[in-house]
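**Q**
There are 2 protein chains.
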Amino acid sequence: MRVLLTGSAGFVGSHLATRLLGEGHHVVGVDNYLSGQPRNTAQLLEWPGFRFVEADVSRALPDPGGPLDWVLHFASPASPPHYQEHPIETLMVGAQGTQNALDLALAHGAQFLLASTSEVYGDPLVHPQPETYWGHVNPNGVRSCYDEAKRYAEAITMAYHRHHGLRTRIIRIFNTYGPRMRADDGRVVTNFVHQALRGEPLTVYGAGDQTRSFQYVDDLVEGVRRLMGVPYSGPVNLGNPDEYTVLDFARLIRDAVAPGLEIVHLPPAQDDPQQRRPDIALARSLLGWAPRVPLREGLERMIAEVRAEVGLPATAFSPAALGQARP
Amino acid sequence: MRVLLTGSAGFVGSHLATRLLGEGHHVVGVDNYLSGQPRNTAQLLEWPGFRFVEADVSRALPDPGGPLDWVLHFASPASPPHYQEHPIETLMVGAQGTQNALDLALAHGAQFLLASTSEVYGDPLVHPQPETYWGHVNPNGVRSCYDEAKRYAEAITMAYHRHHGLRTRIIRIFNTYGPRMRADDGRVVTNFVHQALRGEPLTVYGAGDQTRSFQYVDDLVEGVRRLMGVPYSGPVNLGNPDEYTVLDFARLIRDAVAPGLEIVHLPPAQDDPQQRRPDIALARSLLGWAPRVPLREGLERMIAEVRAEVGLPATAFSPAALGQARP
Chain A
1 MRVLLTGSAG FVGSHLATRL LGEGHHVVGV DNYLSGQPRN TAQLLEWPGF RFVEADVSRA
61 LPDPGGPLDW VLHFASPASP PHYQEHPIET LMVGAQGTQN ALDLALAHGA QFLLASTSEV
121 YGDPLVHPQP ETYWGHVNPN GVRSCYDEAK RYAEAITMAY HRHHGLRTRI IRIFNTYGPR
181 MRADDGRVVT NFVHQALRGE PLTVYGAGDQ TRSFQYVDDL VEGVRRLMGV PYSGPVNLGN
241 PDEYTVLDFA RLIRDAVAPG LEIVHLPPAQ DDPQQRRPDI ALARSLLGWA PRVPLREGLE
301 RMIAEVRAEV GLPATAFSPA ALGQARP
Chain B
1001 MRVLLTGSAG FVGSHLATRL LGEGHHVVGV DNYLSGQPRN TAQLLEWPGF RFVEADVSRA
1061 LPDPGGPLDW VLHFASPASP PHYQEHPIET LMVGAQGTQN ALDLALAHGA QFLLASTSEV
1121 YGDPLVHPQP ETYWGHVNPN GVRSCYDEAK RYAEAITMAY HRHHGLRTRI IRIFNTYGPR
1181 MRADDGRVVT NFVHQALRGE PLTVYGAGDQ TRSFQYVDDL VEGVRRLMGV PYSGPVNLGN
1241 PDEYTVLDFA RLIRDAVAPG LEIVHLPPAQ DDPQQRRPDI ALARSLLGWA PRVPLREGLE
1301 RMIAEVRAEV GLPATAFSPA ALGQARP
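Chains A and B are the protein sequences, given in the same order. Per our numbering, residue 1 is the first one in the first sequence, and the count goes up by one each step. Per our numbering, residue 1001 is the first one in the second sequence, and the count goes up by one each step.
1. Does the distance from the C-beta atom of A/Pro179 to that of A/Val306 stay below 8 Å?
2. Count the other CB atoms, across all protein chains shown, that sit within 10 Å of the CB of A/Ala101; report buried if there are 16 or more and exposed otherwise.
3. Tell me which residues share the same chain as B/Leu1068 and place their Cβ nearer than 6 Å to its Cβ, disregarding the 5 neighbours each side in the sequence.
4. Could you compute how far the alpha carbon of A/Gln324 sits from the alpha carbon of A/Val204?
5. In the DSSP output, which residue or residues are listed as bridge partners for B/Phe1052?
6. Take every Cβ of the region 1204-1217 of chain B, pair it with every Cβ of the region 1152-1169 of chain B, and state whether three or more of those distances are shorter than 8 Å.
7. Could you tell me whether the Cβ atoms of A/Ala9 and A/Pro38 are closer together than 8 Å?
8. For chain A, is any of its Cβ atoms less than 8 Å away from the one on B/Leu1286?
9. Under 7 Å Cβ to Cβ from B/Val1310, same chain only, skipping five residues before and after it: list those, please.
10. Give, in chain order, every unbroken run of the beta strand (DSSP E) that is at least 3 residues long and sits entirely within the region 200-259 of chain A.
11. Kindly list the residues whose CB is nearer than 8 Å to the CB of A/Arg284, restricted to its own chain and excluding five residues on each side of it in sequence; keep chain order.
12. Name the chain B residues that come within less than 8 Å of A/Leu220, Cβ to Cβ?
13. In chain order, what residues of the same chain lie with their CB nearer than 7 Å to the CB of A/Val193, ignoring the 5 residues before and after it?
14. When you compare the CB of B/Tyr1033 with every CB in chain A, is at least one pair closer than 8 Å?
15. Would you identify the three-state DSSP class for A/Ile156, choosing helix, strand or coil?
16. Would you verify that the beta carbon of A/Tyr152 is, or is not, closer than 8 Å to some beta carbon of chain B?
17. Suppose the cutoff is 6 Å on Cβ atoms and the five residues either side in sequence are ignored; what does the same chain contact list for B/Ala1095 look like?
18. Going by beta carbon distance, what residues of the same chain come within less than 6 Å of B/Val1137, once the five residues before and after it are set aside?
19. Let me know the secondary structure DSSP gives A/Ala316 once reduced to three states.
20. Of the residues B/Gly1029, B/Glu1089, B/Pro1081 and B/Gly1036, which one's Cα is nearest the Cα of B/Asp1063?
21. If we cut at 8 Å on Cβ distances, does B/Gln1129 have a partner in chain A?
22. Just the Cα atoms here: how many angstroms apart are A/Pro231 and B/Ala1183?
23. So, with DSSP's three-state summary, where would you put B/Ser1014?
24. Determine the chain B residues that contact A/Gln96 at a beta-carbon separation under 8 Å, and present them in chain order.
25. Kindly indicate the opening and closing residues of the alpha helix (DSSP H) around B/Leu1287.
26. How many Å lie between B/Ile1280 and B/Leu1238 at the Cα?
27. Taking the alpha helix (DSSP H) that B/Phe1192 falls in, what are its first and last residues?
28. Please tell me whether A/Ile88 has its Cβ less than 8 Å away from any Cβ of chain B.
29. What's the C-alpha gap between A/Leu282 and A/Thr6?
30. Kindly say whether A/Arg173, judged by its beta-carbon, lies nearer than 8 Å to any beta-carbon of chain B.
31. Where does A/Gly122 sit, in a helix, a strand or coil, going by DSSP?
32. Whole angstroms is fine: what's the gap from B/Val1053's alpha carbon to B/Thr1090's?
33. Classify B/Asp1255: buried if its beta carbon has 16 or more other beta carbons within 10 angstroms, exposed otherwise.
34. Are any of the Cβ atoms in chain A nearer than 8 Å to that of B/Met1302?
35. So, is A/Pro124 buried or exposed, given that buried needs 16 or more other C-beta atoms within 10 angstroms?
36. For a cutoff of 8 Å on Cβ pairs, would you count B/His1136 as touching chain A?
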C-alpha cells in the first residue's frame, strides 16, 4: 500500500515509517524539521520505497505523486520545551495541519489516522484513564497550546468521520521512549539517559512522585499497525500501564548507566500532571494488543543506541547482546 | 475609536455593534451569513459609522481600510442545531478564524477580544463555574465541534498574548437572550417564545430539570464594554447567575404569552449539560459589573420585539410600554 506520513522525521513517525517500509509498503514522508531530525530522514531514504518532501503541513500538504491508501498524521512538537517554544506552530499543526491531512485523505479516498496523545486527559482525576474519560485540561495554561490542539484535532477528525464519512482512526499515545528521541526533547527518559551518559546528576522536577507509564516505541508501532486493520473510529489508548514514579525511573536509568550518580530535585513544572496511566482494555479487546517490551529491556536498547549516537563505547548493553532473548 | 467586529450580523455581534455605534465609534462589520442575519446588517447600515464586508473570517479577513483600535471576534455558529449542521465551519472559525483575527490585531497594533463561551465548561462538575474551573468536555462528541473550537480559540488567544505580547481579552458568554435571535436557533428561549407566539405546545428536552442562567443581551454588552477598559487577559465569565430550570423557563414564557398552552417533553439531547451557572465574582470585582435586567423584564422586551418581527399585534408588552421603568 501507499501511505503519506506527516512527521516522518520525528521520533515516533520515523519508527512507524521504518516498520511500514520493512513490510514492503511505500511511504511519502513529510516534515518541516521544526522538531524532527534530518538524520531520521537520512536513515529512511536508504529504503527505495521512501520519498521525502520537506514541507509545513500546517500550510499545505504536497502532492503525493500517486494514489494513497492512508494518511497518517504524526506531525507535531510533542515535548513541553518544544511546544512551549513554538506554541503557535503547535496549535496550527493540530488545527490547520490536521485539516490539511484530512482533506488529503478525503481527496484520495484514503483512510486517516490521527496521532493524539494522553495529554488530552490533562491532569486526570480518574486512574487509570479509559478512552471514555473526558479529561481535566486547563484550556489556557502554558500547556494548552499542545493539549487543546490535540483535543481540537480529535474533534475535527470525528467531524470529518461523521460529516464526510471518512474512515478515521485516533490513537492516544502515552509516554513512549526509544532510540531516535531528540537529546534536547526535555522529557524525563531522554533527560535521564543523556545526563547519566554525561556523568551528570539526574534532575527530577518536584518530589518525583508524579507517575508515568513508559511504552517502548516498537510496542506503540505494533498497536498502530493493528488498529489500521480494524475499522474503529473512536480514540484508542496505546501505552504501557506499568506505572513508575519519575523518581523510580531516574533510579533505574542511573543504575543501568552509572550507579554512583546523584539525583537532584528542581521546582515542579507548571501544570505538570501528577499521574497518568492508560487503561488499555479497549486495545486488548479490539486489537489483541498489549505492550511486550519490559522497561528494563527497552531502556537497555535505548541506552545502547544513544551511546552509539553520542560516540560512547558500547557496554554490556551492546546492540549485539540486545538481539538475544532476555529473562 | 475604530473597531473590526467579526460576526456583526449575529445576535450578540449586532447588539454590540449597535452599542459601539451609539457611542460614536466606527465599526467595520464582517460576516458570511452562515448563521448571521442580513436584516441585522440592514439595521446597522443606518449608522454612518458602520461599514460591512461580507467575508468568511476563516478564509481571510478584509482590509479594514484604515487603522484599528480593536478586533472583536464574535463570529461563530453558537446554537447546537447550527453548529452541528456546520461542524467543520464551526471548528474552522474557532481555529483559522480566531488566528486570522489575532493576526489582524497584531498587524494593526490593535487590542483583541475573543467571545468564548460557557460551553468550555462542558457538562460541569463544579457549580457555579468560576473561571479557574477547567471544565468537563467530551473532546470528540457531537458538541465537540463547538466546545473544542472555543477551547482552542482561548488557547491560541493566550498563545498570542504570551508569545507576541498582544493585548487580549477573553469573555465566556453564558446563555444570552434578547431581540434579534434567529427564530430557528434551537435554543430554549427562542424555541419557547416562538412556540408560544404560534400557539403551539412548548417542547422541553428531557425532564426539563437541567438548569440555565439567562442573561439579557444588554447586560452582556455592558460587560464587554467594561472589560475593554481593563487590561486583564484571563477569561472572564459574563452571565446571569440567577438559575432557572428549563421547565421553569417554559412556564414563565408560556404564562407571559398564552397561559393555556401545553408543555411537552422530548428525549434528552446528547451531551446536553445538566446544569450551568456562572460564578461572576471576577466580573464584579474587576469590572464592577453585574446583570441588571430582571428575567421577566428581558423576556417582555424580547417577546414584544419578536411579535413585531413576526407581524403579530403588540400586547400589554408593547415596545412603547417597555421604555418605562418597571418595578
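The beta carbon of each residue, even a glycine, is placed where N, CA and C say it ideally should be.
**A** Concretely, from the data shown:
1. Taking the first residue of the first sequence as 1, we reach residue 179 of chain A at position 179. Taking the first residue of the first sequence as 1, we reach residue 306 of chain A at position 306. Contact flag set, yes.
2. Numbered from 1 along the first sequence, position 101 holds the residue referred to as residue 101 of chain A. Looking at its Cβ environment, which holds 16 or more other Cβ atoms inside 10 Å, A/Ala101 is buried.
3. Indexing the second sequence from 1 puts residue 1068 of chain B at position 68. Correct list, in chain order: Arg1002, Leu1004, His1108 and Ala1110.
4. For this step, residue 324 of chain A is matched to residue 324 along the first sequence. For this step, residue 204 of chain A is matched to residue 204 along the first sequence. Residue placement at A/Gln324 is poorly supported in this model, since its pLDDT is 37, which falls under 50; the coordinates are not used for a value here.
5. What you label residue 1052 of chain B is simply residue 52 of the second sequence in a count that begins at 1. Bridge partners of B/Phe1052: B/Gly1029.
6. With a cut-off of 8 Å, the region 1152-1169 of chain B and the region 1204-1217 of chain B do not count as touching, because too few Cβ pairs lie within range.
7. The residue labelled residue 9 of chain A in the question sits at position 9 within the first sequence. The residue labelled residue 38 of chain A in the question sits at position 38 within the first sequence. When the beta-carbon positions are compared, A/Ala9 and A/Pro38 come within less than 8 Å of each other.
8. Numbered from its first residue, the second sequence carries residue 1286 of chain B at position 286. Not an interface residue.
9. If you number the second sequence from 1, residue 1310 of chain B lands on position 310. The beta carbon of B/Val1310 sits closer than 7 Å to those of Leu1197, all from its chain and outside the five residues before and after it, given in chain order.
10. Every beta strand (DSSP E) of 3 residues or more that sits fully in the region 200-259 of chain A is shown, in chain order, as 202-205, 211-213, 235-238 and 243-245.
11. Here residue 284 of chain A refers to the residue found at position 284 of the first sequence. Ala290, listed in sequence order.
12. Counting from 1 along the first sequence, the entry for residue 220 of chain A is found at position 220. Chain B residues near A/Leu220: none, gap ~21 Å exceeds 8 Å.
13. Position 193 of the first sequence holds residue 193 of chain A. By the criterion of a C-beta distance shorter than 7 Å, A/Val193 is surrounded in its chain by Ile253, Met302, Ile303 and Val306, once the five residues flanking it on both sides are discounted.
14. Translated into the one-based positions of the second sequence, residue 1033 of chain B becomes position 33. Not flagged as an interface residue toward chain A: B/Tyr1033, since no C-beta distance is shorter than 8 Å.
15. As a first step, residue 156 of chain A is located in the first sequence; it is residue number 156 there, counting from the start. In this structure, A/Ile156 counts as helix in the three-state DSSP scheme.
16. Your numbering for residue 152 of chain A matches position 152 in the first sequence. Residue contact check for A/Tyr152 against chain B: a CB pair falls below 8 Å.
17. Along the second sequence, read from residue 1 onward, the residue named residue 1095 of chain B stands at position 95. So the qualifying residues of the chain are Tyr1152.
18. Residue mapping note: residue 1137 of chain B aligns to position 137 of the second sequence, counting from 1. Hits under 6 Å: Gly1122 and Asp1147.
19. Working through the first sequence from its first residue, we reach residue 316 of chain A at position 316. Any reading at A/Ala316 must be qualified, since the residue scores a pLDDT of 45, below 50, and its modelled position is unreliable; no value is offered.
20. Working through the second sequence from its first residue, we reach residue 1063 of chain B at position 63. Restricting attention to B/Gly1029, B/Glu1089, B/Pro1081 and B/Gly1036, the CA atom closest to the CA of B/Asp1063 is found in B/Gly1029.
21. Here residue 1129 of chain B corresponds to residue number 129 of the second sequence, with the count starting at 1. False, the Cβ-Cβ gap to chain A never drops below 8 Å.
22. Residue 231 of chain A sits at position 231 when you count from the first residue of the first sequence. Residue 1183 of chain B sits at position 183 when you count from the first residue of the second sequence. Going by C-alpha positions, A/Pro231 is about 40 Å away from B/Ala1183.
23. The count along the second sequence starts at 1 and reaches residue 1014 of chain B at position 14. Three-state result, B/Ser1014: helix.
24. Within the first sequence, numbered from 1, the residue matching residue 96 of chain A stands at position 96. Correct list: Ala1095 and Gln1096.
25. In the second sequence, counting from the first residue as 1, residue 1287 of chain B sits at position 287. Per DSSP, B/Leu1287 belongs to the alpha helix (DSSP H) from Ala1281 to Leu1287.
26. The residue given as residue 1280 of chain B occupies position 280 in the second sequence. The residue given as residue 1238 of chain B occupies position 238 in the second sequence. Each residue's Cα considered, the two are about 7 Å apart.
27. Mapped onto the second sequence, residue 1192 of chain B falls at position 192. B/Phe1192 -> alpha helix (DSSP H) spans Val1188 to Arg1198.
28. In the first sequence, residue 88 of chain A corresponds to position 88, counting from 1. Chain B contact via Cβ: present.
29. What you label residue 282 of chain A is simply residue 282 of the first sequence in a count that begins at 1. What you label residue 6 of chain A is simply residue 6 of the first sequence in a count that begins at 1. Within the model, the alpha-carbon separation for A/Leu282 versus A/Thr6 is close to 26 Å.
30. As a position in the first sequence, residue 173 of chain A is number 173, starting the count at 1. As written in the sequence, residue 173 of chain A is Ile, which differs from the Arg given in the question. Judged by the 8 Å Cβ criterion, A/Ile173 is not in contact with chain B.
31. By one-based count along the first sequence, residue 122 of chain A stands at place 122. Residue state, collapsed to three classes: strand.
32. The residue labelled residue 1053 of chain B in the question sits at position 53 within the second sequence. The residue labelled residue 1090 of chain B in the question sits at position 90 within the second sequence. One C-alpha to the other measures close to 20 Å.
33. Position 255 of the second sequence, counted from the start, is the residue given in the question as residue 1255 of chain B. With fewer than 16 other Cβ atoms inside 10 Å of its own Cβ, B/Asp1255 counts as exposed.
34. Numbered from its first residue, the second sequence carries residue 1302 of chain B at position 302. For B/Met1302, not one C-beta of chain A is nearer than 8 Å to its own C-beta.
35. Within the first sequence, numbered from 1, the residue matching residue 124 of chain A stands at position 124. A/Pro124 should be labelled buried.
36. Mapped onto the second sequence, residue 1136 of chain B falls at position 136. Cβ-Cβ to chain A under 8 Å: yes for B/His1136.
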